[in-house]
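Protein chains: 2
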Amino acid sequence: MERQFADLMQLLEERRFAALRDALQEENEIDIADFLESLDAEEAAVVFRMLKKEMAAEVFSNLSADTQKVIVDSITDQEIVGIIEDLYVDDAVDALEELPANVVKRILKNAKPETRNLINQFLKYEENTAGSIMTAEFVDLKRGMTVAEAIAHIRRTGEDRETIYTCYVTGPSRVLEGVVTVKELLLSRDDQRIEEIMDDDVICVTTTEDREEVARTLAKYNLLSLPVVDQENRLVGIVTIDDAVEVMEQEATEDFEKMAAMSPSEKPYLKTGVFTMARKRFMWLLVLMVSGMITGGILGQYEAAFASMPLLVTFIPMLTDTGGNAGSQSSTLVIRGMALSEISTKDLFAVMWKEIRVSLIVGIGLGAVNFVRLILTYPGNEMVALTVTLALVATVLIAKTIGGALPILAKFLKADPAIMAAPLITTIVDALSLIIYFTIASHLLPI
Amino acid sequence: MERQFADLMQLLEERRFAALRDALQEENEIDIADFLESLDAEEAAVVFRMLKKEMAAEVFSNLSADTQKVIVDSITDQEIVGIIEDLYVDDAVDALEELPANVVKRILKNAKPETRNLINQFLKYEENTAGSIMTAEFVDLKRGMTVAEAIAHIRRTGEDRETIYTCYVTGPSRVLEGVVTVKELLLSRDDQRIEEIMDDDVICVTTTEDREEVARTLAKYNLLSLPVVDQENRLVGIVTIDDAVEVMEQEATEDFEKMAAMSPSEKPYLKTGVFTMARKRFMWLLVLMVSGMITGGILGQYEAAFASMPLLVTFIPMLTDTGGNAGSQSSTLVIRGMALSEISTKDLFAVMWKEIRVSLIVGIGLGAVNFVRLILTYPGNEMVALTVTLALVATVLIAKTIGGALPILAKFLKADPAIMAAPLITTIVDALSLIIYFTIASHLLPI
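Residue numbers (the UniProt record's numbering), protein chains in the order written: chain B, 1 to 447; chain X, 1 to 447.
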C-alpha cells in the first residue's frame, strides 16, 4: 500500500498527469481515497478530477468529511450533482449532512426530483437510528414471480443496488412479505415461484430502532443486510453489513472514550485539532477534579489522626489505587456486557452477588499479601498492619459491588452505563476507602 | 424472542414433544441455540435430538463450548460424526478444539477421510491467525469458463459453500489468479469468459496473518469474504464477514478487559465462574498494589513535610486523581487509535507534541479553577495555592505526555499497547505527581 502511494506520489510530483490517470485506474477506490487523504487540499482536488466518472462517486463516499468539502469547493455544481446521483442514498445523505446549508440547497435544486425527494426523506431520520444508516437501493421481488423471472429482474436492475444478494419480497403498498437470497434463487428450479422458496418470517427493524441494536441484529443472525420498515410494516430501506461493521467500530470507540472520561470524537486522533481535543477532555477532568477536592475535604477531617501518626498517610495511595482498580475491573466487565446485550437490568442482583463473592476471594488474597508485607517491614506495628489489611479487604468488597452495580443503575435511570466507568468509580471509591480506613484506624489505633 | 421461548418452554414442560418438534421447525437456528442455552443439560440434550438433520449442524455451531460438550456426551458417535460432516470446517475445528482428545480421536476415526484430512490440517494453524478462522468451503472457478458455465457450476456445487457470492479463480496447483462476484457474473453476458470479467488484483492474506488484521482488511475494503493463501500463493481458505465481525467484537472486548487490568475472559460475564473471575483479576491487582506500596514509600520520604503542614495531604487525592484521569484519557485514545491502525509507531513524536499542547491548555484551565478555589477557601495561604496549582499543571503535562507515549513504546518493544492503560498509567503518574508536588512545596513553603 505504502509503496503504491509512493509511485502515485512520484507521478504527481513530476506532474506526469496522463500516467497518473492511468495508474489511478488500476487502484482500488478505497486506496485512492486513502491517497487523497494524504495530499494537501489543492493536490487532492487535482487528483480527484482525474478520476473516471464510474470511480469518482465511490472514492468520494470513502473520503473524510473535510476532504469531501475540499472536493465540493473545487468542482462545479453540475459535477457535484452527478456524484450525488451516483452515490447510494445513505452515502449521499452522510455527505450532505456535513456541507453548509446553502450548498446542500443548491445541490438538491439541481438533482433529479426523485433523488431530491428520497434525500429529503432520508435527511429527516434522527441520528443514530436505523433510518439514518439505511439505504434505499435494494432488490424488490414479487411473490408471484418465478425464479427465472426474479433472476432476469436482478440482471436487469442489479447494477444500481447496494446489494443484490438478499432480495426482499413486497406486496401491495410495499408491505414486507418475505426474504429470499440469491443463493436460494440459484439453487432452485427456474419454474419455482418466489412464494414457495421465500422465508416469510423476516428478521427486520423499524426506522426508529437504535443503530447499535441494528448492528447487533445483523451480527447475531449472520445477515448480509437487514430490512428496515416503517410503522405500517412497509419496506423503506436496508442496512448492509459493511455499514453495520462501521457502526460497531464507532460504538466501541465511543465507549472507550466515554469510559476514559472524554466526550466522543468524530475524527481519528491524528486529524483532530488541539483545541477540539482539549475541549473534549476538559469538562470531565474538571468534574473529577472537584470530586477529588471533596475527597480531600474528607481527608481533612482526619488531619489530627495523620498528624499524630504520619505513617498512616503512606498507605493511602495503595488503598485508593487498589480500590479504584478493583472497582474499574467490575464496572468495565458490566458495561461491556451490557453493550453486547449479555447483561440486562434484571441481572442487577446476580451481578452484585457475583461481585461480592469475587471481591471476597480477591480481597482476602490481597489482604494476606499485604499483612505479611507490613509485618515484615514494620515489626511491632501489628495493629497498623491489621488496620490497613481490614481497610483493604473492605475497600475491595465495596469497590467491586459498587463497580458492578452502578452501570446497571445508570441504565435504570436511562443514562449511559459507560459513564459509570473507571474515573467516576475511582473517585467514589477513593472517598469511601478513606472513610473506612480512618474509621477502622480510630477504633484500633491510639489516635 | 422472549415470548417465543416462553411458548417453546411451555411445550417442553407439558412434554408435548410432537408439538415442540413442529414449533422448532419454524424457528431460526440462532434462536434455537439461544433457547438450548437457557435449558439445563438434560433438557438441552432432549430438545437437540428433536431437531431435523438439516438444522442440527447449524444449531450446534451456534452453541457455547459447554453446551456443545453436553450434546456430544448425549448422542452417539455416529450422530456426532454426522454433525461434524455437515459443519463448515472452521466451525468443526472450533468445536473439536474444545472437546477432550479421546473424543476428538474417536470422531476423526469415524469421519470420511477427506473431512479427517481437512480437519487435521486446519487444527494445525496457530490460534489468532487467519488460518485458525478460515473455512475451506468456497466456490472455485477457472479462468477459461464462460459466465454461463460458472453460474451452472455454482448452481451445482453452491449448496455446501459457506458463501457463493464471491468466487475465486484458481490456476494450476490452486494458485489464486482472480476474484469475481456473483453480482458481476449476473450482470455479464452468458458467453463472456471469466478471465475477461475477473479482477486479478486480489486483496488477500496469508495463513499466518493476525486475525485482527484479517478482520480490519475485510472491514476496510467492504468485502464479504477474504481469500487466504499459503506461502506459495495457493488458495487454502476464505474468511467470511460474519467471522470477521465476531473477531472484531472479541478483540474489542479483550482490549476493554486488558485496559481495566484483567486477563481476557473466554465466556460472557454471567456464565463465568467466581473462581475463574477472581483468578483473571487477581494478578494485575497484586502488581498494581505493590506499585501503590512503592508510591506510599515515596510519600514516606516526605513525612516530615506533611507532619509540619498536614493541610498539604488533603490535596493529594485531587492531584493524583486528576493526573491519573488526564493520563488515561491520552493512553485510551492512543491505544484505540493503534487498534484501528490510525496510529503507528512512527507517529510517536506527533502524538507527544499533540499531547503536550493539549495538556498545557487543559492543565492551565484546571489550574486556574483550582487557584481561584484555593484563594477563596484558604485566604492568606497564597503560597499553598500556588504550590498546588503548579503541581497540578505539571502533573497534567507529564501525565498526558506519558499516557500518549507509553502505548507506542510498548508496541516498539513488541508488547501489547493495551497494558499501558488507565491502571498502570495511574500508578506511574501517582508516583511522579507526588514527587513534583513535594519538590515544589519544599521550594515554595517553609517546610
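Positions of the beta carbon are idealized from the N, C-alpha and C atoms, including for glycine.
All of these numbers come straight from a predicted model, not from anything done at the bench.
At least 7 Å separates the CB of residue 34(B) from every CB of chain X.
For residue 262(B), the C-beta contacts it makes with chain X under 7 Å involve 329, in order along the chain. Residue pairing by DSSP puts residue 225(B) in a beta bridge opposite 240(B). For residue 178(B), the enclosing beta strand (DSSP E) has its first and last residue at 176-181. Ranking 53(B), 387(B) and 36(B) by CA distance to the CA of residue 443(B) puts 387(B) first. Bounds of the beta strand (DSSP E) holding residue 166(B) are 166-170. Sixteen is the threshold: since fewer than 16 other Cβ atoms of the shown chains lie within 10 Å of the Cβ of residue 372(B), the residue is exposed.
Taking a Cβ-Cβ threshold of 8 Å, the residues of chain B close to residue 26(X) are 201, in chain order. In the structure shown, residue 234(X) adopts extended strand secondary structure according to DSSP, grouped into three states. For residue 221(X), a Cβ of chain B is located within less than 7 Å of the residue's own Cβ. Interface criterion not met: the Cβ of residue 217(B) is under 7 Å from no Cβ in chain X.
Residue pairing for residue 210(X): DSSP places it in a beta bridge opposite 129(X).
Residues of chain X whose Cβ lies closer than 9 Å to the Cβ of residue 365(B) are, in chain order, 278, 282, 285 and 286. Counting only Cβ-Cβ distances below 7 Å, residue 313(B) has contacts in chain X at 299, 306 and 313, in chain order.
With 16 or more other Cβ atoms inside 10 Å of its own Cβ, residue 329(X) counts as buried. DSSP places residue 141(B) in the strand class (E or B) of the three-state scheme. Put simply, of 103(B), 62(B) and 98(B) the residue whose alpha carbon is nearest the alpha carbon of residue 88(B) is 62(B). Residue 358(X) is positioned such that its CB atom lies no closer than 7 Å to that of residue 289(B). In this structure, the CA atom of residue 273(B) is about 22 Å from the CA atom of residue 323(X).
Under the three-pair Cβ rule at 8 Å, the region 313-327 of chain X counts as touching the region 280-299 of chain B. At a cut-off of 7 Å between beta-carbon atoms, residue 75(X) makes no contact with chain B. Residues of chain X whose Cβ lies closer than 8 Å to the Cβ of residue 337(B) are, in chain order, 268, 269 and 270.
In chain order, 168, 170, 174, 176, 227 and 229 place their CB closer than 7 Å to the CB of residue 235(B), counting only its own chain and leaving out the 5 sequence neighbours on each side.
In the same chain as residue 398(X), and ignoring 5 residues on each side of it, the C-beta atoms closer than 6 Å to its own belong to 432, in chain order.
Near chain X, meaning a CB-to-CB distance below 8 Å, the residues of the region 341-375 of chain B are 342, 343, 347, 350, 351, 354, 357, 358, 361, 362, 365, 366, 369, 370 and 373. Distances from the CA of residue 46(B) to each of 74(B), 127(B), 286(B) and 218(B) were compared; the closest alpha carbon is that of 74(B). Note on the region 271-323 of chain X: there is no whole beta strand (DSSP E) run with a minimum of 3 residues.
Put simply, the CB of residue 382(X) is far from chain B, with every gap to its CB atoms at 7 Å or more. Among the residues of chain B, none has a CB under 9 Å from the CB of residue 9(X); the nearest is roughly 17 Å distant. For the 7 Å CB-CB criterion, residue 429(X) and residue 292(X) do not form a contact. Under the Cβ distance rule, residue 245(X) counts among the residues neighbouring chain B, one pair being separated by less than 7 Å. Residue pairing by DSSP places residue 135(X) opposite 238(X) in a beta bridge. For residue 388(X), the three-state secondary structure derived from DSSP is helix. The beta-carbon distance between residue 200(B) and residue 178(B), rounded to whole angstroms, is 4 Å. This is short enough to meet the 8 Å contact definition. Burial state of residue 112(X) is exposed, judged by a 10 Å Cβ sphere holding fewer than 16 other Cβ atoms. Residue 148(X) and residue 193(X) have their C-alpha atoms some 9 Å from each other.
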